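Asks:
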Amino acid sequence: MNQKRIVIAGGSGFIGRVLAEEFSARNFEVIILTRAPHGRADGIREVAWNGKKLGGWVQFVDGAEAVINLAGKNINCPHTPKNVFKITASRVDSVNAIADALAQVKVPPRVWVQASAVGFYGDTGNHIRDENFPSGENTLAEICRQWEAAFDSTTVPQTRKVVLRIGFVLGRDGGALPLLSRLAKFYLGGAAGSGRQYISWIHLADLVQMFVTVVKRETLAGTFNAVAPGAVTNAEFMGELRRVLDRPWSPPAPEFAVRLGAWLFNFEPSLALVSQRCSADKFLEVDFQFQFPQLRAALENLCPKKNASPAHPP
Ligand SMILES: NC(=O)c1ccc[n+]([C@@H]2O[C@H](COP(=O)([O-])OP(=O)(O)OC[C@H]3O[C@@H](n4cnc5c(N)ncnc54)[C@H](OP(=O)(O)O)[C@@H]3O)[C@@H](O)[C@H]2O)c1
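Counting with our numbering, you get residues 5 to 318 for the letters of the sequence shown.
1. State yes or no: is the C-beta of asparagine 270 nearer than 8 angstroms to some heavy atom of ligand 1?
2. Decide if the region 108-126 is in contact with the region 67-87; the criterion is three or more beta carbon pairs, one per stretch, under 8 angstroms apart.
3. Which residue from Ala103, Leu144, Phe172 puts its Cα closest to that of proline 113?
4. At 4 residues or longer, and completely inside the region 37-83: list those alpha helix (DSSP H) runs for me, N to C.
5. Going by the beta-carbon positions, is the gap between alanine 24 and valine 34 smaller than 9 angstroms?
6. Give me whichever residues DSSP pairs with histidine 207 in a beta bridge.
7. Is DSSP giving phenylalanine 228 helix, strand or coil here?
8. Which residue or residues does DSSP assign as beta-bridge partners of arginine 246?
9. Please go through the same chain and pick out, in chain order, the residues whose beta-carbon is closer than 7 angstroms to the beta-carbon of leucine 211, but skip the five residues on each side of it.
10. Is the beta carbon of alanine 302 within less than 8 angstroms of some heavy atom of ligand 1?
11. Consult DSSP for cysteine 148 and reduce its assignment to one of helix, strand or coil.
12. With DSSP run on the structure shown, which of helix, strand or coil describes alanine 119?
13. With 9 angstroms as the threshold, decide whether the Cβ of proline 308 is near any Cβ in chain B.
14. Nearest-angstrom Cα distance between lysine 56 and serine 94?
15. What span of residues does the beta strand (DSSP E) with valine 290 cover, start to end?
16. To which residues of the same chain is valine 88 closer than 7 angstroms at the C-beta, ignoring the five residues directly before and after it?
17. Report the option in Leu303, Ala302, Asn270 whose CA atom is closest to the CA atom of threonine 84.
18. With a threshold of 6 angstroms on Cβ separation, who are the neighbours of alanine 257 within its own chain once the five nearest residues in sequence on each side are excluded?
19. Among residues of its own chain, excluding the 5 on either side of histidine 131, which ones have a beta-carbon nearer than 7 angstroms to its beta-carbon?
20. According to DSSP, tyrosine 202 sits in a beta bridge with which residue or residues?
21. In or out: alanine 29 buried (at least 16 other Cβ within 10 Å) or exposed?
22. Report all residues from its chain with a CB closer than 8 angstroms to the CB of tryptophan 53; omit the five preceding and five following residues, and keep chain order.
23. Are the CB atoms of valine 160 and leucine 106 within a distance shorter than 9 angstroms?
24. Residue range of the beta strand (DSSP E) that alanine 261 falls in?
25. So valine 22 is in the alpha helix (DSSP H); what residue range does that whole segment cover?
26. Since I believe threonine 128 is in contact with serine 279 (beta carbons under 8 angstroms), could you give me their beta-carbon distance rounded to a whole number of angstroms?
27. Under a Cβ-count criterion, where at least 16 other Cβ atoms within 10 Å of its own Cβ denotes burial, should glutamate 141 be classed as buried or exposed?
28. Please classify glutamate 33: does DSSP put it in a helix, a strand, or coil?
29. Taking the continuous alpha helix (DSSP H) assigned at arginine 9, which residues delimit it?
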């Protein structure tokens with residue numbers, strides 16, 4: 005039997021690399037759309053696109069089982085007007101390019117899974133946000149609103165559409181966890197700002213299974229928060245991280261110190277200071293089985309003690 009094909013736009017990044025390997029291990033033909041294709045020896049194929057316009061890549065979308073879109077300029081840079089424009093445009097353009105491709109092909113994919121982020125809800129404070137809440141007010145919310153609006157406005161009658169609003173992804177080889185771990189090891193792993201802002205995190209292994217679930221289950225459509233059930237405050241998160249790394253105490257980092265560090269090291273301070281407390285109920289209601297529903301187990305898995313072999317690969 006022919007292999008089913010998955011096309012992953014932006015599949016060269018932190019999430020996409022692991023997702024591509026998972027689908028490949030499940031015997032899918034995996035095509036990564038990237039601006040800088042490399043030859044690979046693992047059976048996964050990288051195909052050139054520019055994230056904006058139609059090109060030879062469209063032939064791979066024709067007849068694919070699924071297209072997954074992760075493409076977009078990384079948000080971990082200062083949110084200057086110029087960067088915000090690039091962050092937004094790279095997302096909206098890639099959505100539009102995929103929509104144009106779907107309109108051209110003979111056999112459109114059965115499902116299109118589009119990444120978004122829990123930043124959609126803005127600063128949630130202590131309030132829990134499920135998928136029915138409207139978008140919030142800050143810069144990230146505005147970016148996500150435009151990103152999702154572009155996706156919502158696509159007309160693809162033969163294709164099931166799913167949005168995953170992804171939380172703070174915890175993985176060993178990318179995202180912010182390796183940096184936070186290094187800081188914690190140097191006794192710089194204190195709570196950031198008030199420490200009361202929530203973090204809706206997710207272990208990369210669970211996120212990957214969420215993508216697999218929405219691709220496979222024909223009944224799932226619409227928007228899902230892709231977060232673990234146990235959102236924690238920043239103080240709780242940093243406390244657990246220090247505990248796992250045997251650093252019981254670190255001085256807290258008040259807001260001005262976070263802003264100064266962000267200025268010195270060229271990152272966006274709001275990513276550490278804004279509260280994102282989101283519900284995982286929608287995935288729980290469809291009986292999604294979290295491998296890492298609790299933060300402690302997730303961190304122990306990703307930050308194993310020296311000499312201990314990791315329990316899980318990501
Ligand atoms: N990681 C998280 O914690 C997290 C949380 C919430 C949402 N998300 C969303 O999930 C998606 C994947 O996240 P990630 O952490 O895997 O991101 P990533 O490592 O930055 O990968 C994103 C990919 O997008 C492509 N890309 C970058 N700039 C682009 C541009 N200007 N035009 C077109 N493509 C561009 C890159 O591929 P090439 O350079 O190969 O073209 C890159 O590999 C992103 O959209 C992100 O916003 C991630």
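Note that CB positions come from ideal geometry on N, CA and C, so glycine has one too. Because the structure is a prediction, the values reported are computed rather than measured.
Replies: Reading it off the structure:
1. To locate residue 270, count along the sequence shown from 1; it is residue 266. No, Cβ of asparagine 270 sits at least 8 angstroms from all heavy atoms of ligand 1.
2. yes
3. Your numbering for residue 113 matches position 109 in the sequence shown. Nearest of Ala103, Leu144, Phe172 to proline 113, Cα basis: Ala103.
4. 62-65
5. Your numbering for residue 24 matches position 20 in the sequence shown. Your numbering for residue 34 matches position 30 in the sequence shown. Cβ distance < 9 angstroms, so alanine 24 and valine 34 count as in contact.
6. Position 203 of the sequence shown, counting from 1, holds the residue named residue 207. BP columns for histidine 207 point to Leu174.
7. The residue labelled residue 228 in the question sits at position 224 within the sequence shown. In this structure, phenylalanine 228 counts as strand in the three-state DSSP scheme.
8. Locating residue 246 in the sequence shown gives position 242, where the first residue counts as 1. Arginine 246 pairs with nothing; no bridge assigned.
9. Looking up residue 211 in the sequence shown gives position 207. Cβ within range, chain order: Ile19, Ile170, Val173, Ala230.
10. Locating residue 302 in the sequence shown gives position 298, counting from the first residue. No, the Cβ of alanine 302 stays beyond 8 angstroms of every heavy atom of ligand 1.
11. Residue mapping note: residue 148 aligns to position 144 of the sequence shown, counting from 1. Helix, per DSSP.
12. By 1-based counting over the sequence shown, the position of residue 119 is 115. Alanine 119 falls in the strand class under three-state DSSP.
13. Of the protein chains in the structure, only one exists, and it is not chain B.
14. Mapped onto the sequence shown, residue 56 falls at position 52. Mapped onto the sequence shown, residue 94 falls at position 90. Whole-angstrom Cα-Cα distance: 8 angstroms.
15. Numbered from 1 along the sequence shown, position 286 holds the residue referred to as residue 290. Per DSSP, valine 290 belongs to no beta strand (DSSP E) and is neither H nor E.
16. Residue numbering aside, residue 88 sits at position 84 when the sequence shown is read from its first letter. Answer for valine 88: Thr143, Ile147, listed in chain order.
17. As a working mapping, residue 84 is identified with position 80 in the sequence shown. Ranking the options by Cα distance to threonine 84, first place goes to Asn270.
18. In the sequence shown, residue 257 corresponds to position 253, counting from 1. Result list for alanine 257: Gly194, Ala196, in chain order.
19. For the purposes of this step, residue 131 is taken as the residue at position 127 of the sequence shown. Taken in chain order, the residues that qualify are Arg281.
20. Reading the sequence shown from its first residue, position 198 is the one you call residue 202. DSSP lists Thr237 as partners of tyrosine 202.
21. Looking up residue 29 in the sequence shown gives position 25. So alanine 29 counts as exposed.
22. As a working mapping, residue 53 is identified with position 49 in the sequence shown. The answer, listed in chain order, is Ala13, Leu37, Thr38, Arg39, Gly59, Trp61, Ala101.
23. For the purposes of this step, residue 106 is identified with residue 102 of the sequence shown, where counting begins at 1. For the purposes of this step, residue 160 is identified with residue 156 of the sequence shown, where counting begins at 1. Going by C-beta atoms, leucine 106 is nearer than 9 angstroms to valine 160.
24. Counted from its first residue, the sequence shown places residue 261 at position 257. Looking at the DSSP string, alanine 261 is not in any beta strand (DSSP E); the run it does join, the alpha helix (DSSP H), is 259-269.
25. Taking the sequence shown and counting its residues from 1, the one referred to as residue 22 is at position 18. Element bounds for valine 22: 18-29.
26. Counting from 1 along the sequence shown, the entry for residue 279 is found at position 275. Counting from 1 along the sequence shown, the entry for residue 128 is found at position 124. About 5 angstroms; that satisfies the 8 angstroms criterion.
27. Here residue 141 refers to the residue found at position 137 of the sequence shown. Per the 10 Å Cβ criterion, exposed.
28. Mapped onto the sequence shown, residue 33 falls at position 29. It is a strand residue.
29. Numbered from 1 along the sequence shown, position 5 holds the residue referred to as residue 9. Where arginine 9 is concerned, there is no enclosing alpha helix (DSSP H), although the beta strand (DSSP E) it sits in stretches over 9-13.
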